[in-house]
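Colleague: Here it is, the structure, as structure tokens.
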Amino acid sequence: MKTILLFMVTILIFGNIYAEQVTIYQSGISTVVRYINSSGNYDYTYNTLHSIGRHDGNNGINSGSQNDIWRSEHSFYLGSIPSNATITQAQLQFFISGYQCSTCSLKVTKTTGQYSYGQLWTNINNTNTIVASYVYNATTPVVSTALKDAIIASLTTGTMYLGSLSLVEGSNNSYASLELRLIVDYTVPPSIVNITADNNFTASDGANRGTMVIDGVNRTIPLTPPGYTFQKTVGQNLTLSANSPQNDNQGHQRIWYTGLTFPSDWRRNGEFKSYNQTYSFPVAADDNGKIYMANLRKNFKIDQTHKTEFDGNQTQQNTAWIVEQNSGNISTQSSRLINGKNYLFAGWEDNLSLGTSRNITPNDNKVYDVLYKYPHYSNSTSAYQNPGQRRFIKTNSGHLHIVYESMNKVWYERSTNSGQTWEIMNGGKPIYSGIATHPSIDFYPGTNDIIIVYNRDESVIAAQYYENGIFKCESIVADNSIWDQVTPDSKPVIA
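Everything in the sequence shown is counted per numbering that gives the first Met the number 0, starting at 0 for the first residue and increasing by one.
Structural data, given as structure tokens:
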């Protein structure tokens, strides 16, 4: 017996119904030959020389045997057809070889597979006909209602048997080898699957996981259990659309980001699916139980507070937005006119060395403080009230120099036109980024080189050296790690 356990399935989807076609190979074949034994009586045995028909009538399979005739029974395992299938059509496909008579025909019947050799040979030629006649050299499959009915009747047992014999088996050289295959078309009812859609954050009120548009309907995503679960029919189209912007419970804006670095995406159970904000796809059977996650990115809010001497803090200035794991430029104005005062940019409080623009890579929302100075003015009432310290000098060149406190910082200004105009030195910025008080100034005789001493961070006395208005260096005169005598009220002088 030759056994073949093969089948092929083709699937087509019409609306919500699966139309499928399966090719089922014969799982086995039993070939029986009737011959005349040495006693002159008919006898039967298993033999695979041919599948059907008669040999030459002279040379039998045994000594003295003549008029040998072969018939075969083909078995088919039907397990590839779903139990809930509705069979719509069945075809029988013939593969005939090893014949001499190309115009000979064969017949196929339905059998039961439960016979002795003699019974099987006899019962193959029954009236339960599947295909009444098929020419050996034909190649086209035969559509058979009788075959469809036979398959349906055999689904409960899982195996179907077909018999084959030559219609001219009484003639010499009518033999042939034969393989049969079934081509079965059927439909199956639609399958229902459970799908969960979710966002990658908790909403600002902590009550849910934001919203999402599912098949055109805006849905609130539950917090517990996480995700919005719904049912879809296999083969139906599902459209998911992320809502952007939204706000999470950590104070961040969430957006659908399409940039190159860390873009938003859709993932199914962690597997990437799409970068598109709206994602449409036909539902598959393996979507059952899966979670489709919309990964919206944190959009960090970058604000500025502009600190002025006389008009307070100007908050929420020049707001910018930068997506997590991305870098971006923020900038501020070089001057601002507020209530009639022309304030000049005096530096970013966290880094005075930077200009009006800077590049940042934030990891959270952030407010940057920016200093704005109204030249030659101070918001400190004691800016010039320390007679023991020199705050104003005139160098040999005639240039005027002044140091003073404002906004808890020390400022150095110079006039080169006898005080008509003044310029904030050190690039328009305070001489130190931290707390700086109680400055004193002097110069080297015969030069324009300036020395400024001041109280730094209420614990250090520092001295700075300028050549022609350009900062050169700073040195520590005293600090509490050595002297332990510097206090917030320490007022250094130059002698």
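We put the beta carbon where it would ideally sit given N, CA and C, even for glycine. Only a predicted model underlies this, so the values are computations on that prediction, with no experimental measurement involved.
(1) Let me know the secondary structure DSSP gives Asp-148 once reduced to three states.
(2) Bridge partners for Cys-472 per DSSP, in chain order?
(3) Would you call the region 311-326 and the region 220-235 in contact, with 3 or more CB pairs under 8 angstroms?
(4) For the region 20-31 against the region 172-187, are there 3 or more C-beta pairs whose distance is under 8 angstroms?
(5) Closest to Ser-240 by C-alpha separation, out of Trp-410, Thr-126, Pro-221, Ser-273, would be which residue?
(6) With a cut-off of 8 angstroms, do at least 3 Cβ pairs link the region 93-106 to the region 129-138?
(7) Is it the case that the Cβ atoms of Ser-170 and Ser-71 are separated by a distance below 8 angstroms?
(8) Here's the rule: buried if 16 or more other CB atoms are within 10 angstroms of the residue's CB, otherwise exposed. What is Thr-213?
(9) By DSSP, does Thr-121 sit in helix, in strand, or in coil?
(10) Around the C-beta of Gln-99, are 16 or more other C-beta atoms found within 10 angstroms, so that it is buried, or is it exposed?
(11) Please name the residue or residues paired with Tyr-403 in a DSSP beta bridge.
(12) Asn-425 lies in the alpha helix (DSSP H); which residues open and close that run?
(13) Round the Cβ separation of Thr-304 and Tyr-342 to the nearest angstrom and send it over; I've been treating them as touching at under 8 angstroms.
(14) With Asn-298 and His-375 assumed to form a contact (beta carbons below 8 angstroms), what rounded beta-carbon distance in angstroms separates them?
(15) Quick one: Cα of Ser-480 to Cα of Trp-265, how far?
(16) DSSP three-state label for Asp-286, please.
(17) Excluding sequence positions up to five away, which residues of its chain have a Cβ less than 7 angstroms from the Cβ of Asn-287?
(18) Should the region 147-167 be regarded as contacting the region 200-207, the criterion being three or more beta carbon pairs within less than 8 angstroms?
(19) Inspect the CB distances between the region 344-355 and the region 367-381 and report whether three or more fall short of 8 angstroms.
(20) Using 7 angstroms as the cut-off, classify the Cβ of Tyr-464 as near or not near the heavy atoms of the ligand GTP, replying yes or no.
(21) What does DSSP give as the partner residue(s) for His-73 in the beta ladder?
(22) At which residues does the beta strand (DSSP E) containing His-305 begin and terminate?
(23) Rank Asn-425, Thr-102, Thr-110 by C-alpha distance to the C-alpha of Ser-173 and give the top, closest one.
(24) When the distance is taken between beta carbons, is Ala-461 closer than 8 angstroms to Val-485?
(25) Run through the DSSP bridge pairs and tell me what Pro-221 is partnered with.
(26) Where does Thr-436 land, buried or exposed, given buried means 16+ other C-beta within 10 angstroms?
(27) Relative to the C-alpha of Thr-360, which residue among Pro-487, Gly-427, Thr-260 is closest?
(28) Closer than 8 angstroms by C-beta to Lys-490: which residues in its own chain qualify, once you throw out the five before and the five after it? Chain order, please.
(29) Lys-365: which of Lys-300, Asn-350, Asp-448, Ser-326 sits nearest, CA to CA?
(30) Spell out a yes or no on whether the region 48-56 and the region 67-83 are touching, meaning 3 or more CB-CB pairs, one atom from each, closer than 8 angstroms.
(31) Kindly indicate the opening and closing residues of the beta strand (DSSP E) around Asp-184.
(32) Taking the C-alpha atoms as reference points, what is the distance between Gln-428 and Tyr-465?
(33) Report the three-state DSSP secondary structure of Ser-173 (helix, strand or coil).
(34) Give me, in chain order, the residues of the same chain whose beta-carbon lies closer than 7 angstroms to that of Gly-418; leave out the 5 immediate sequence neighbours on both sides.
(35) Per DSSP, which one or two residues make a beta bridge with Pro-81?
(36) Nearest-angstrom Cα distance between Ile-12 and Glu-19?
Modeller: Let me spell this out:
(1) helix
(2) Tyr-464
(3) no
(4) yes
(5) Ser-273
(6) yes
(7) no
(8) The question names Thr, but residue 213 in the sequence shown is Ile. Buried, since its Cβ has 16 or more Cβ neighbours within 10 Å.
(9) helix
(10) exposed
(11) Trp-410
(12) 424-427
(13) The Cβ separation is near 13 angstroms, so there is no contact.
(14) No, Asn-298 and His-375 are not in contact; Cβ-Cβ is about 42 angstroms, not under 8 angstroms.
(15) 58 angstroms
(16) helix
(17) Val-192, Asn-193
(18) no
(19) yes
(20) Of ligands this structure carries none, so the ligand GTP is not represented either.
(21) Ile-28, Leu-161
(22) 296-306
(23) Thr-102
(24) no
(25) Asn-207
(26) buried
(27) Thr-260
(28) Asn-385, Gly-387, Gln-388, His-437, Ser-439, Asn-454
(29) Lys-300
(30) yes
(31) 176-187
(32) Position check: residue 428 holds Lys in this sequence, whereas Gln was assumed. For Lys-428 and Tyr-465, the distance between alpha carbons rounds to 14 angstroms.
(33) coil
(34) Leu-399
(35) The partner list for Pro-81 (beta bridge, DSSP) is empty, contrary to what the question assumes.
(36) With a pLDDT of only 46 at Ile-12, under the threshold of 50, the placement of this residue in the model should not be trusted; the figure read from the coordinates follows. Spanning the two alpha carbons is a distance of roughly 8 angstroms.
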